[in-house]
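Heads up: the structure comes next, in structure tokens.
2 protein chains.
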Amino acid sequence: MKQSLGARTLLYTHPVVVIGTYDRDGRPNAMTAAWAGICCSSPPCVAVSLQRPRHTYRNIVETQAFTVNIPSEKYVREADFLGMVSGKDTDKFAAAGLTPVKSAEVNAPCVDEFPVVLDCRLFQSFELGLHTQFVGEILDVRVEESVLGPDGMPEMGRIRPFIYDSARQEYHAIGRLIGKAFSAGKELKG
Amino acid sequence: MKQSLGARTLLYTHPVVVIGTYDRDGRPNAMTAAWAGICCSSPPCVAVSLQRPRHTYRNIVETQAFTVNIPSEKYVREADFLGMVSGKDTDKFAAAGLTPVKSAEVNAPCVDEFPVVLDCRLFQSFELGLHTQFVGEILDVRVEESVLGPDGMPEMGRIRPFIYDSARQEYHAIGRLIGKAFSAGKELKG
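Going down the list, the protein sequences come from chains S and V.
Heads up: the first sequence is residues 1 to 190, going by my numbering.
Heads up: the second sequence is residues 1001 to 1190, going by my numbering.
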């Protein structure tokens, strides 16, 4: 029996990503977001939703660029911090002890310590209501060599990303492998 | 040192959701998707990206409604299956042994066996390229009573959702709690 919890923004699961931007004077900023996801294969695009008052909002509008950085578990404190304070008042990179490095592809900084970064140019933006959705075209994905497997592709167990539980405001690690996609369901094809 | 993997749709992590729809004749369909996420708080909205040839695409356009269902780990086979075959040819609910139940709020079926469902009416849609993004206004979130904690809110350890690793086409369980949001980063506020 299902119980109604009303109209709310609950989903399992939310990713935890950190959006890297420059302001008009070239000052780097980083903001944690959970409302993000891939949204198109061609062109390859990722969407991030932001409220207008956010410093990152203005930076994206002004620079037309951003990075999407994936923090590892060991940076859960830093990622949480980057979602708690505004870059209007604080040099968040410095306060978190993180290093901004300009992307070669776009006018936006990545977080050097994080293992995965998507370099994005602003492709489209949509006013949905209280949030605006910024759709970035992914120009490159860059990954730390230390998280690549023998086949040259990243390994979940080395990246160690984490997810956000919005119902309880908690972060969880990623657990064990439970199945291969396009394979686990084959026996049901009959 | 970061290594370039080129422009690709890599992100950590993708959710695994199942989109429930009816066709014009009221036949239920369910399709697994990983390119989905919350995108607005007011109105509360969730976005799902689909390619035009998908049966679910036409169903959403025709009914202006869909559900977003969260499968538990124990349904990984069923969820994988629902992403492998088309509802054009197959009664996917029947083939997977799952039960469609009409939502009270919208003209779309939920998957009765899955613990969480978001009832959505089509709010907006955006042509991005090869994919169209459907933005649904969440009219209700319904949750199995068995996954609610003593406080009436769902518990991650009872829902047991899972995530998709697109780099390796694998599903992973959710792991241990690693931090409280808006708390873990407080010590960096100085």
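Backbone N, C-alpha and C define an ideal beta-carbon position, used for all residues, glycine too.
*Just the Cα atoms here: how many angstroms apart are residue 1074 (chain V) and residue 187 (chain S)?*
Those two C-alpha atoms are separated by around 15 Å.
_Helix, strand or coil for residue 199 (chain S)? Go by DSSP, reduced to three states._
Because chain S is modelled from 1 through 190, residue 199 (chain S) falls outside the range shown and cannot be assessed.
_Just to confirm the assignment: which complete beta strand (DSSP E) runs, minimum length 3, are found wholly within the region 138 to 188 of chain S?_
If only complete runs of 3 or more residues are kept, the region 138 to 188 of chain S shows the beta strand (DSSP E) at 162 to 165, 170 to 180, in order along the chain.
*Note down, one range per segment and in chain order, each beta strand (DSSP E) of at least 3 residues found wholly within the region 69 to 133 of chain S.*
Entirely contained in the region 69 to 133 of chain S, the beta strand (DSSP E) runs reaching 3 residues are, in chain order, 100 to 102, 109 to 111, 116 to 127.
*asked:* Counting beta carbon pairs with one atom in the region 113 to 121 of chain S and one in the region 1107 to 1126 of chain V, are three or more of them shorter than 8 Å?
replied: By the Cβ test, the region 1107 to 1126 of chain V is not in contact with the region 113 to 121 of chain S, since fewer than three Cβ pairs between them sit closer than 8 Å.
*residue 61 (chain S) in three-state terms, based on DSSP*: Correct three-state label for residue 61 (chain S): helix.
*For residue 1003 (chain V), count neighbouring Cβ atoms within 10 angstroms of its own Cβ and tell me buried if that reaches 16, exposed if not.*
That one is exposed.
*With which residues is residue 1013 (chain V) paired in a DSSP beta bridge?*
Paired residues: none, contrary to the question.
*State whether the region 1053 to 1065 of chain V contacts the region 30 to 44 of chain S, with contact taken as three or more CB pairs (one from each stretch) at a distance under 8 Å.*
Result no; under three Cβ-Cβ pairs closer than 8 Å.
*If residue 159 (chain S) sits next to residue 1012 (chain V), beta carbons under 8 Å apart, how far is it from one beta carbon to the other, in whole angstroms?*
Under the criterion of beta carbons closer than 8 Å, residue 159 (chain S) and residue 1012 (chain V) qualify as touching, at roughly 6 Å.
*Return the bridge partner residues of residue 50 (chain S) from the DSSP annotation.*
BP columns for residue 50 (chain S) point to S:132.
*Pair every Cβ in the region 132 to 142 of chain S with every Cβ in the region 45 to 53 of chain S, then say whether three or more of these pairs are closer than 8 Å.*
As far as the Cβ criterion goes, the region 132 to 142 of chain S touches the region 45 to 53 of chain S, which means the pair count is three or higher.
*Using a Cβ cut-off of 7 Å (strictly closer), state whether residue 1075 (chain V) contacts chain S.*
No, because no Cβ of chain S sits closer than 7 Å to the Cβ of residue 1075 (chain V).
*Between residue 1144 (chain V) and chain S, is there a C-beta pair that is closer than 7 Å?*
So, interface residue.
*Can you tell which of V:1154, V:1069, V:1151 has the C-alpha that lies nearest to the C-alpha of residue 1020 (chain V)?*
Taking only the C-alpha atoms, the option nearest residue 1020 (chain V) is V:1069.
*Could you confirm whether any beta carbon from chain V is found closer than 7 Å to the beta carbon of residue 41 (chain S)?*
Closer than 7 Å to some Cβ of chain V, the Cβ of residue 41 (chain S) qualifies, so yes.
*Segment contact, 8 Å Cβ cut-off, at least three pairs: the region 162 to 172 of chain S with the region 1150 to 1168 of chain V*: With a cut-off of 8 Å, the region 1150 to 1168 of chain V and the region 162 to 172 of chain S count as touching, because enough Cβ pairs lie within range.
*Are the C-beta of residue 81 (chain S) and some C-beta of chain V separated by less than 7 Å?*
Put simply, the CB of residue 81 (chain S) is near chain V, with a gap under 7 Å to one of its CB atoms.
*Could you work out which residues of chain V lie near residue 172 (chain S), taking near to mean beta carbons separated by less than 8 Å?*
Here the neighbours are 1156, 1174, 1175, 1176, 1177, 1178.
*For the beta strand (DSSP E) containing residue 1004 (chain V), list its first residue and its last residue.*
Here the beta strand (DSSP E) through residue 1004 (chain V) covers 1002 to 1004.
*asked:* By DSSP's criteria, residue 1026 (chain V) is part of a beta bridge. Which residues make up the other side?
replied: Looking at the DSSP assignment, residue 1026 (chain V) forms no beta bridge with any residue, so it has no partner.
*Kindly indicate which residue of S:103, S:101, S:54, S:161 has the alpha-carbon position closest to the one of residue 89 (chain S).*
Residue 89 (chain S) has its Cα closest to that of S:54, out of S:103, S:101, S:54, S:161.
*asked:* To the nearest angstrom, how far is the alpha carbon of residue 110 (chain S) from that of residue 18 (chain S)?
replied: Rounded to the nearest whole angstrom, the C-alpha separation of residue 110 (chain S) and residue 18 (chain S) is 9 Å.
*Beta-carbon of residue 161 (chain S) versus every beta-carbon of chain V: anything under 7 Å?*
At least one beta carbon of chain V lies nearer than 7 Å to the beta carbon of residue 161 (chain S).
*Mind reading off the beta-carbon distance from residue 1120 (chain V) to residue 131 (chain S)? Whole number of angstroms is fine, and I expect it under 8 Å.*
The Cβ separation is near 16 Å, so there is no contact.
_Please return the same chain residues whose Cβ sits closer than 6 Å to the Cβ of residue 1024 (chain V), not counting the five positions on each side in sequence._
These residues qualify, in order along the chain: 1062.
*Taking Cβ-Cβ distances shorter than 7 Å, what residues in chain S pair up with residue 1181 (chain V)?*
Per Cβ cutoff of 7 Å: 80, 164, 169, 170, 171.
*Chain-ordered residues of the region 126 to 144 of chain S with a beta carbon less than 7 Å from chain V*: Among the residues of the region 126 to 144 of chain S, those with a Cβ less than 7 Å away from any Cβ of chain V are 126, 128, 129, 130, 131, 133, 135, 138, 139, 140, 141, 142, 143, 144, in the order of the chain.
*With a Cβ-Cβ cutoff of 7 Å, do residue 1179 (chain V) and residue 16 (chain S) count as a contact?*
At least 7 Å separates the beta-carbon of residue 1179 (chain V) from that of residue 16 (chain S).
*Does the beta carbon of residue 1031 (chain V) come closer than 7 Å to any beta carbon on chain S?*
Closer than 7 Å: no.
*Taking 7 Å as the CB-CB limit, is residue 1087 (chain V) close to chain S?*
Closer than 7 Å: no.
*Are any of the Cβ atoms in chain S nearer than 7 Å to that of residue 1122 (chain V)?*
Residue 1122 (chain V) does not count as touching chain S.
*In angstroms with no decimal places, state the Cα-to-Cα distance between residue 162 (chain S) and residue 174 (chain S).*
Distance from the CA atom of residue 162 (chain S) to the CA atom of residue 174 (chain S), rounded to whole angstroms, is 6 Å.
_Give me the DSSP bridge partner(s) of residue 1067 (chain V)._
Residue 1067 (chain V) pairs with V:1020, V:1119.
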